[in-house]
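Number of protein chains: 2
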Amino acid sequence: ADPATGRLLASKCQTCHGLDGIAKIPIAPHLAGESRIYLETQLKAFRSGKREHEMMSVIARDLSDAEISDLSAWYESIQITATMPE
Amino acid sequence: ADPATGRLLASKCQTCHGLDGIAKIPIAPHLAGESRIYLETQLKAFRSGKREHEMMSVIARDLSDAEISDLSAWYESIQITATMPE
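Top to bottom, those sequences are chains A and B. Going by my numbering, the first sequence opens with residue -1, and the numbers climb by one from there. Going by my numbering, the second sequence opens with residue -1, and the numbers climb by one from there.
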């Protein structure tokens, strides 16, 4: 898996999920820092039809295993920090 | 929706997802800062069976609408920052 290739492929994702994995719209999840295994599992579930979403089912349908791997490596490579409210 | 109540309810979530929404195990997603609408949609999808996961289908089955709302408000209330690799 190559995060640099994934970063280029993320042009397909960034309108909703952001290139940095911070979502642009409330119905889309942030992807920043999510683990490769989680992201790969979800993309493959959308591709197979196990998980369904109007937009993601279409996007995932045409992704190869290598593309799923690279995209997941890109979003995993982003560092996140979380701050709880006081 | 009351994030303070959600924080208490999150004792059910924190072993895998962290109280601060940073996941403890790779198969679980980070929840920090995800939008209420996204989180509520997913919890209701697990509850109804539309989305399936060995663990989450069981956890979500017994959540009320109010609990889903409060939990989602808690995780939404966490601030996140993302830093892309150089």
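No residue lacks a Cβ here, since even glycine has one placed at the ideal position from N, Cα and C.
I need the DSSP call for B:A80, collapsed to helix, strand or coil. What you label residue 80 of chain B is simply residue 82 of the second sequence in a count that begins at 1. Three-state DSSP puts B:A80 in a strand.
Regarding A:S33 and the ligand FMN, is the C-beta to nearest heavy atom distance less than 8 Å? With respect to small molecules bound, the structure shown includes none, and the ligand FMN cannot be examined in it.
Counting contacts by CB-CB distance shorter than 9 Å, is A:I78 in contact with chain B? Within the first sequence, numbered from 1, the residue matching residue 78 of chain A stands at position 80. Judged by the 9 Å Cβ criterion, A:I78 is in contact with chain B.
Partners in chain B for A:D68, counting only beta-carbon separations shorter than 7 Å: Position 70 of the first sequence, counted from the first residue, corresponds to residue 68 of chain A. Correct list: empty, because the minimum Cβ distance to chain B is about 14 Å.
Is the stretch 61 to 75 of chain B in contact with the stretch 2 to 21 of chain A, if contact means three or more CB pairs nearer than 8 Å? no
Rounded straight-line distance, which links the Cα of B:H28 to that of A:A21: What you label residue 21 of chain A is simply residue 23 of the first sequence in a count that begins at 1. What you label residue 28 of chain B is simply residue 30 of the second sequence in a count that begins at 1. Taking the straight line joining both Cα atoms gives about 13 Å.
DSSP state of A:C11 mapped onto helix, strand, coil: Working through the first sequence from its first residue, we reach residue 11 of chain A at position 13. DSSP places A:C11 in coil when its eight states are reduced to three.
Any Cβ of chain A within less than 9 Å of the Cβ of B:S55? The residue given as residue 55 of chain B occupies position 57 in the second sequence. For B:S55, the answer is no, since every Cβ of chain A falls outside 9 Å of its Cβ.
Please report the straight-line C-alpha distance between A:H51 and B:Q40, rounded to a whole angstrom. For the purposes of this step, residue 51 of chain A is identified with residue 53 of the first sequence, where counting begins at 1. For the purposes of this step, residue 40 of chain B is identified with residue 42 of the second sequence, where counting begins at 1. Going by the C-alpha atoms only, they are around 11 Å apart.
Neighbour-count burial assignment, B:S46, 16 or more Cβ in a 10 Å radius: By one-based count along the second sequence, residue 46 of chain B stands at place 48. So B:S46 ends up on the exposed side.
Specify the secondary structure class of A:G4 as computed by DSSP and reduced to three states. In the first sequence, residue 4 of chain A corresponds to position 6, counting from 1. The three-state reading of DSSP puts A:G4 in helix, counting H, G and I together.
So, with DSSP's three-state summary, where would you put A:R59? Taking the first residue of the first sequence as 1, we reach residue 59 of chain A at position 61. Here A:R59 sits in helix by DSSP.
How far does the alpha helix (DSSP H) with B:I35 in it extend, from its first residue to its last? For the purposes of this step, residue 35 of chain B is taken as the residue at position 37 of the second sequence. Unbroken alpha helix (DSSP H) run through B:I35: R34 to S46.
Evaluate B:I76 with the Cβ neighbour count: other Cβ atoms within 10 Å of its Cβ, from every protein chain shown; 16 or more gives buried, anything less gives exposed. By 1-based counting over the second sequence, the position of residue 76 of chain B is 78. With 16 or more Cβ atoms within 10 Å of its Cβ, B:I76 is classed as buried.
Consult DSSP for B:L69 and reduce its assignment to one of helix, strand or coil. For the purposes of this step, residue 69 of chain B is identified with residue 71 of the second sequence, where counting begins at 1. Here B:L69 sits in helix by DSSP.
A:E50 by DSSP, collapsed to three states: which one? Translated into the one-based positions of the first sequence, residue 50 of chain A becomes position 52. Three-state DSSP puts A:E50 in coil, outside helix and strand.
Candidates A:G16, A:I23 and A:S33, of which the one nearest B:P24 by Cα: Position 26 of the second sequence holds residue 24 of chain B. Checking every option, the nearest Cα to that of B:P24 belongs to A:S33.
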